[in-house]
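Engineer: Chains as they are written, first to last, in numbering that gives the first Met the number 0: chain A, 0 to 276; chain B, 0 to 276. Backbone N, C-alpha and C fix where the C-beta goes; we use that ideal spot for every residue, glycine too. Here you go, one structure.
Number of protein chains: 2
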Amino acid sequence: MPSPELTPGSRGFIIPIGGAEDKVSARAILRRFAQLCGGPDAVIAVVPTASVDPETPDRYRRVFGDAGVAEVRVVDVARREDATAAATTLAGVTGVFLTGGAQLRLSTLLGGTDVARVLRRLNAQGVHVAGTSAGAAFLSEHMIAFGKEGGTPIAGQATLVPGLGLTNRVIVDQHFRQRDRMGRLLSALAYNPFAIGLGLDEDTAAFIGPDNTLEVVGSGGISVVDAGGLEHSSMATVEEGKPVEMVGVRLHVLVEGSRFDLQARRAFPAPARPDRG
Amino acid sequence: MPSPELTPGSRGFIIPIGGAEDKVSARAILRRFAQLCGGPDAVIAVVPTASVDPETPDRYRRVFGDAGVAEVRVVDVARREDATAAATTLAGVTGVFLTGGAQLRLSTLLGGTDVARVLRRLNAQGVHVAGTSAGAAFLSEHMIAFGKEGGTPIAGQATLVPGLGLTNRVIVDQHFRQRDRMGRLLSALAYNPFAIGLGLDEDTAAFIGPDNTLEVVGSGGISVVDAGGLEHSSMATVEEGKPVEMVGVRLHVLVEGSRFDLQARRAFPAPARPDRG
Numbered sequence: 000m001p002s003p004e005l006t007p008g009s010r011g012f013i014i015p016i017g018g019a020e021d022k023v024s025a026r027a028i029l030r031r032f033a034q035l036c037g038g039p040d041a042v043i044a045v046v047p048t049a050s051v052d053p054e055t056p057d058r059y060r061r062v063f064g065d066a067g068v069a070e071v072r073v074v075d076v077a078r079r080e081d082a083t084a085a086a087t088t089l090a091g092v093t094g095v096f097l098t099g100g101a102q103l104r105l106s107t108l109l110g111g112t113d114v115a116r117v118l119r120r121l122n123a124q125g126v127h128v129a130g131t132s133a134g135a136a137f138l139s140e141h142m143i144a145f146g147k148e149g150g151t152p153i154a155g156q157a158t159l160v161p162g163l164g165l166t167n168r169v170i171v172d173q174h175f176r177q178r179d180r181m182g183r184l185l186s187a188l189a190y191n192p193f194a195i196g197l198g199l200d201e202d203t204a205a206f207i208g209p210d211n212t213l214e215v216v217g218s219g220g221i222s223v224v225d226a227g228g229l230e231h232s233s234m235a236t237v238e239e240g241k242p243v244e245m246v247g248v249r250l251h252v253l254v255e256g257s258r259f260d261l262q263a264r265r266a267f268p269a270p271a272r273p274d275r276g
Numbered sequence: 000m001p002s003p004e005l006t007p008g009s010r011g012f013i014i015p016i017g018g019a020e021d022k023v024s025a026r027a028i029l030r031r032f033a034q035l036c037g038g039p040d041a042v043i044a045v046v047p048t049a050s051v052d053p054e055t056p057d058r059y060r061r062v063f064g065d066a067g068v069a070e071v072r073v074v075d076v077a078r079r080e081d082a083t084a085a086a087t088t089l090a091g092v093t094g095v096f097l098t099g100g101a102q103l104r105l106s107t108l109l110g111g112t113d114v115a116r117v118l119r120r121l122n123a124q125g126v127h128v129a130g131t132s133a134g135a136a137f138l139s140e141h142m143i144a145f146g147k148e149g150g151t152p153i154a155g156q157a158t159l160v161p162g163l164g165l166t167n168r169v170i171v172d173q174h175f176r177q178r179d180r181m182g183r184l185l186s187a188l189a190y191n192p193f194a195i196g197l198g199l200d201e202d203t204a205a206f207i208g209p210d211n212t213l214e215v216v217g218s219g220g221i222s223v224v225d226a227g228g229l230e231h232s233s234m235a236t237v238e239e240g241k242p243v244e245m246v247g248v249r250l251h252v253l254v255e256g257s258r259f260d261l262q263a264r265r266a267f268p269a270p271a272r273p274d275r276g
């Protein structure tokens, strides 16, 4: 089962980030994450498995070091056989950060290994787990592995595969506005409308708390696609490559400070700001 | 989360059946299911949503009636808006049976509705849930919606979508030997090797108990494909339509009376029978 909470409300935050998060100036998301993990007492493990760029670990070492965390470790898995040893690196961490890259590297290299098992257990016990881009896609039970761009859903547009499974309440898509992904997220939900789609713009994160309410942090928007009240999906009968009919999708576009209750499926807009004028 | 058990070990059986189960002579699987649900005290709800054949409900009414169960009800959902009323039919049942047909009808019509929610809750509370063919595919968290036949895995051969989610420990494929589906089950596991593949021959069922040990019942075999110890999967880099490399799959072919512990990933062969002479 995905990461059963030991006692309800005690699991750590799950934090998908839409990719390209600010790593140089304000760094709102990464600083907020570091703070959540304990600030000067934080011990953060970076999982760079999605990436083949050898500089990825050092980049995040610097960013989290600059954010003042006590210790940054790297969970080094380049082959499946590395995972058992690498899992020991996770002992005592207060937060885990999965970098971007290719999400199928994460599922094929970590799926069913001790690293995946320990990540699920740690999150259930209260450790916060964030992922950006490919790392964000991997966090939930159903992961979009790849798909075609475009605003409206086409049958076969998205390929869903099993992810890490920290939650099954959401299906995440990232670089959402930048790569025109509304259609592929809709098509993923049309198969089985139980989950909630989170389309994350770049430099934008959903901080999903133990109470299953998420808060938006960052400079872009989050498109929350709720197909739970769907009156009709044609996915059972539509031909591959043809448009999918969906009647009754609810859509919310949320920005920094907004919250969304995944249980009640209810949005709470950000507190009013002074009028522009 | 998929069907959290209220107390460990208290959930009902989950029973995927490979399709074409014997409905006329010995009926080993259906009788065993009826017995498990209470025999003469059983109240069984039939969910015919996968099927568009109007005779499906009556066929199972007769079969379970002949098996001596107290009451057979039909959960009638032809459109998503029927689901809230239909879910009330489930009050007080001791078993649920999902018929064959098209599994995308199940996920698109029931996903995110009260019927799905109540089925998950009932199973967590001890009610047994069986499904045959499409109904079997739908039971678990990751469902093979469709795919191409063939013995070896090809990238893109299987389309995975979210299912009912009573368990995420297994990915089920049905009509397994009859429709040459080893390749598509392997390709589904190659994305993320955490789950265990169950290839169910026709007239063959896996009775998955609350202790996560399954027992084989029926006239065919179950191919248990355990990719948890996989040393390598090429799914992250392989091109669509090309063969997928997988190193280190464990395969067991089990027959009636055999058991498999899904937690320990260990097979227990059927007790020895007298020698053929």
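Just checking: is the beta-carbon of Pro277/B within a distance shorter than 8 Å of some beta-carbon in chain A?
Structural biologist: This structure gives no information on residue 277/B, because the portion of chain B shown stretches from 0 to 276.
Engineer: Would a check of beta-carbon distances place Leu121/A closer than 8 Å to chain B?
Structural biologist: No - not a single Cβ of chain B is within 8 Å of the one on Leu121/A.
Engineer: Helix, strand or coil: which one does DSSP assign to Arg72/B?
Structural biologist: Three-state DSSP puts Arg72/B in a strand.
Engineer: Can you check which of these residues, Leu197/B, Val171/B, Asn167/B, Leu184/B, is closest to Ile153/B by C-alpha distance?
Structural biologist: With distances taken between Cα atoms, Ile153/B lies closest to Leu184/B.
Engineer: Which residues in the same chain as Pro1/B place their Cβ atom closer than 6 Å to its Cβ, once the five residues preceding and following it in sequence are excluded?
Structural biologist: Here Pro1/B scores only 43 on pLDDT, less than 50, and its place in the model should not be relied on; the value that follows carries that caveat. Excluding positions up to five away in sequence, the list reads Glu140, Gly164, Asn167.
Engineer: Assign Pro47/B to one of three DSSP states: helix, strand, or coil.
Structural biologist: In the structure shown, Pro47/B sits in coil (DSSP, three-state: anything other than H, G, I, E or B).
Engineer: Suppose contacts are defined by Cβ-Cβ distances below 8 Å. Is Gly228/B in contact with Arg258/B by that definition?
Structural biologist: Not closer than 8 Å, so no.
Engineer: Kindly indicate which residue of Arg178/B, Pro192/B, Gly111/B, Gly94/B has the alpha-carbon position closest to the one of Ser132/B.
Structural biologist: Checked all of Arg178/B, Pro192/B, Gly111/B, Gly94/B; the closest Cα to Ser132/B is Arg178/B.
Engineer: Can Pro56/B and Leu197/B be called in contact, C-beta distance under 8 Å?
Structural biologist: It is not a contact, given that the beta carbons lie outside the stated cut-off.
Engineer: Rounded to the nearest angstrom, what separates Gly130/A and Asp40/A at their Cα positions?
Structural biologist: Rounded to the nearest angstrom, the two C-alpha atoms are 20 Å apart.
Engineer: Would you say Val215/B and Leu253/B are within 8 Å of each other, going by their C-beta atoms?
Structural biologist: Yes; because the gap between Cβ atoms is below 8 Å, this pair is in contact.
Engineer: Flag Glu230/A as yes if its beta-carbon sits less than 8 Å from any beta-carbon of chain B, otherwise no.
Structural biologist: With 8 Å as the cut-off, Glu230/A counts as an interface residue toward chain B.
Engineer: Rounded to whole angstroms, what is the Cα-Cα separation between His127/A and Asp81/A?
Structural biologist: Distance between the alpha carbons of His127/A and Asp81/A is about 23 Å.
Engineer: Residues of the stretch 158-173 of chain B with a CB closer than 9 Å to any CB of chain A: list them in chain order, please.
Structural biologist: Listed in sequence order: Thr158, Leu159, Val160, Pro161, Gly162, Leu163, Gly164, Thr166, Asn167, Arg168, Ile170.
Engineer: Is it the case that the stretch 95-113 of chain B contacts the stretch 46-56 of chain B, given that we only count it when at least three CB pairs across the two stretches are under 8 Å?
Structural biologist: Yes: at least three Cβ pairs fall under 8 Å.
Engineer: Three Cβ pairs or more, each shorter than 8 Å: is that satisfied between the stretch 82-94 of chain B and the stretch 111-122 of chain B?
Structural biologist: At 8 Å Cβ cutoff, the stretches touch.
Engineer: Does the beta carbon of Ile153/A sit closer than 8 Å to a beta carbon anywhere in chain B?
Structural biologist: No, no contact with chain B.
Engineer: Are Val171/B and Ala136/B closer than 8 Å when you measure CB to CB?
Structural biologist: The answer is yes: Cβ separation under 8 Å.
Engineer: State the DSSP-derived secondary structure class of Asp210/B, mapped to helix, strand or coil.
Structural biologist: Looking at Asp210/B - three-state DSSP - the assignment turns out to be coil, as it is neither helix nor strand.
Engineer: Determine the DSSP secondary structure at Pro268/A, reduced to helix, strand or coil.
Structural biologist: The answer is coil: DSSP assigns Pro268/A none of H, G, I, E or B.
Engineer: Compute the beta-carbon to beta-carbon distance between Gly94/A and Ile43/A, rounded to the nearest angstrom, for a pair I have assumed lies under 8 Å.
Structural biologist: About 5 Å separates the two Cβ atoms, so the contact holds.
Engineer: Counting C-beta neighbours from all protein chains within 10 Å, is the total for Pro268/A 16 or more, i.e. buried, or is it exposed?
Structural biologist: Answer is exposed; the Cβ neighbour count stays below 16.
Engineer: Considering only C-alpha positions, which residue in the set Asp202/B, Ser233/B, Val74/B, Glu230/B is nearest to Ile28/B?
Structural biologist: Checked all of Asp202/B, Ser233/B, Val74/B, Glu230/B; the closest Cα to Ile28/B is Asp202/B.
Engineer: So that I know if they touch, is there some Cβ in chain B lying closer than 8 Å to that of His347/A?
Structural biologist: Residue 347/A lies beyond the stretch modelled for chain A, which goes from 0 to 276, so this question has no answer here.
Engineer: Within 8 Å (strictly less), CB to CB, does Gly110/A reach chain B?
Structural biologist: True, the Cβ-Cβ gap to chain B drops below 8 Å.
Engineer: Given that Arg79/A touches chain B, what residues does it touch there, using C-beta distances under 7 Å?
Structural biologist: Residues of chain B passing the Cβ test: Leu229, Glu230, His231.
Engineer: Mind checking which residues open and close the alpha helix (DSSP H) that includes Val62/B?
Structural biologist: Unbroken alpha helix (DSSP H) run through Val62/B: 55-65.
Engineer: Of all the CB atoms in chain B, is at least one closer than 8 Å to the CB of Arg104/A?
Structural biologist: Output row for Arg104/A: interface = yes.
Engineer: Given Pro3/A, which residues of its chain have a CB within under 8 Å of its CB, disregarding the five upstream and five downstream residues?
Structural biologist: Only weak support exists for where Pro3/A lies, its pLDDT of 49 falling under 50; the coordinates are left without a value.
Engineer: So the beta strand (DSSP E) Phe259/A belongs to, where does it begin and stop?
Structural biologist: Unbroken beta strand (DSSP E) run through Phe259/A: 258-260.
Engineer: Is there a Cβ of chain A sitting closer than 8 Å to that of Asn191/B, yes or no?
Structural biologist: Closer than 8 Å: yes.
Engineer: Would you mind telling me which residues of chain A sit closer than 9 Å to Ala101/B, beta carbon to beta carbon, in chain order?
Structural biologist: Going along chain A in sequence order, the residues near Ala101/B (Cβ under 9 Å) are Ala235, Thr236.
Engineer: What three-state label does DSSP hand Pro277/B in the structure shown?
Structural biologist: Residue 277/B falls outside the range modelled here, since chain B spans only 0 to 276, and no answer is possible.
Engineer: CA-CA distance, His251/B and Gly256/A?
Structural biologist: Using only the alpha carbons, I get a separation of about 52 Å.
Engineer: Restricting to runs no shorter than 4 residues, where is the alpha helix (DSSP H) found entirely within the stretch 169-251 of chain B?
Structural biologist: The stretch 169-251 of chain B contains these whole alpha helix (DSSP H) runs: 181-190.
Engineer: Would you give the residue range spanned by the alpha helix (DSSP H) that Ala32/A belongs to?
Structural biologist: The residue you asked about is not Ala; residue 32/A is Phe in the sequence shown. Counting along the chain, the alpha helix (DSSP H) containing Phe32/A begins and ends at 27-35.
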